[in-house]
Every structure is written in structure tokens, then in C-alpha cells.
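S.K.: Sharing a structure, written as C-alpha cells. Questions coming.
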Amino acid sequence: MLGAYAIKIAVSKVAITPMKGLTSGILCNILVCVAILMAASATDAIGKLFSAFFPIFAFVICGFEHCVANMFYIPIGILAASSSKYVALAQEAYGLTAEQISSLTVLNSLNNFIPVTIGNLIGGIVFVSLPSYLVQKKWKEEDA
895 MLGAYAIKIA VSKVAITPMK GLTSGILCNI LVCVAILMAA SATDAIGKLF
945 SAFFPIFAFV ICGFEHCVAN MFYIPIGILA ASSSKYVALA QEAYGLTAEQ
995 ISSLTVLNSL NNFIPVTIGN LIGGIVFVSL PSYLVQKKWK EEDA
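Per the working numbering, residue 895 is the first one in the sequence shown, and the count goes up by one each step.
Following this line, the structure appears as C-alpha cells:
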């Protein structure tokens, strides 16, 4: 069933629209970058753990897209789809069609990787790093 589940996840990731991939990527990386900033700011181990855990937990629960995670899920689904046993289980358990499973190709995976990666970059740079930089720059100018 694990192979069938990998196919199901990969099919759903390859099927997302570019706009959903972009927006989901933006929202995901905002949470990931905030988790990193908060963990770096915490002074003790439990603070680091909790400050990283909850934003990451939120992005997983919300189903946001992260390019690095997708670089695992999509290829593992493609590999699982090469087994007729896993394909049969995926069709039976999750109601996937042969057409959906045949969409699992390296070329079709770019329909996910490109917009999600762009979204991750926008989320991390525009919505977290740039505002953080501008705030720090203003504080340093005030101190000088």
C-alpha cells in the first residue's frame, strides 16, 4: 500500500495548476523561513524545537507545496508507478485511472517543480528576507 500511496501523492502533485503551485509555494516558504528565523532566535533547545515545529506543522497540515519535498514525492511516485502491482493497488484503493497514473513523467513533474520553486523563492525572498533586511537596516541606521 505504501507504493500505491506514493503514486496517489505524486499524481496529486503533478496535477496541480501553475497558479496553485505558485501561491502554495509562496505560503509554504513563508512558514518555513519564519520557522528558521524563530529557531535561530530562540536561546534554548525547547524554544528552538517548538519554534521550528509549529510553522512546519502548519505548512504540512495546510498542504502547501515545497519544491524540496516534491523532489522526493514525485520521483518516488514515478518509481512506484513502474510496478504493475503498485499501479493495480493505487487504482483499486484510491480510484486512480490509468490516464492519471500515466501523467507521472519527468516532463510533467516540471509542471509542479517550476511554479512551486518560483513560489518558494518569492515567499522566502519577498515576504521574509527582504522585510527582515529592511527592518534590520533601519535599526542599524537609527543606532548610528
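From the three backbone atoms N, C-alpha and C, an ideal C-beta is built for every residue, glycine too.
The structure presented is a predicted model; accordingly, all values stated were derived computationally and were not measured.
Let me know the secondary structure DSSP gives residue 1023 once reduced to three states.
M.R.: Helix, per DSSP.
S.K.: Look at the Cβ atom of residue 897, then the Cβ atom of residue 974, and state whether they are nearer than 7 Å.
M.R.: Yes. Within cutoff.
S.K.: Tell me the DSSP secondary structure of residue 971 in three-state form.
M.R.: The answer is helix: DSSP assigns residue 971 an H, G or I state.
S.K.: Residue 970 and residue 998 look like a contact to me (Cβ under 8 Å); what is the Cβ gap, rounded to whole Å?
M.R.: The pair is not a contact, with the Cβ atoms about 10 Å apart (cut-off 8 Å).
S.K.: Return yes when the Cβ of residue 1006 is within less than 7 Å of the Cβ of residue 902, no when it is not.
M.R.: No.
S.K.: Check whether the Cβ atoms of residue 924 and residue 1022 sit closer than 7 Å, and answer yes or no.
M.R.: Contact: yes.
S.K.: Can you give the Cα-Cα distance for residue 904 and residue 954, rounded to whole angstroms?
M.R.: Each residue's alpha carbon lies about 15 Å from the other.
S.K.: Kindly provide the ranges of any alpha helix (DSSP H) runs that are 4 or more residues long and lie completely inside the region 916-958, ordered along the chain.
M.R.: Listed in chain order, they are 939-956.
S.K.: In three-state terms, what does DSSP make of residue 987?
M.R.: In this structure, residue 987 counts as helix in the three-state DSSP scheme.
S.K.: Is it right to say residue 980 is buried, meaning 16 or more other beta carbons lie within 10 angstroms of its own, or is it exposed?
M.R.: Buried, because 16 or more other Cβ atoms sit within 10 Å of the Cβ of residue 980.
S.K.: Using the Cα positions of residue 957 and residue 1034, report the straight-line distance between them to the nearest angstrom.
M.R.: Near 38 Å, if we compare the C-alpha coordinates of residue 1034 and residue 957.
S.K.: Measuring straight from C-alpha to C-alpha, what distance separates residue 1012 and residue 930?
M.R.: So the two alpha carbons sit approximately 19 Å from each other.
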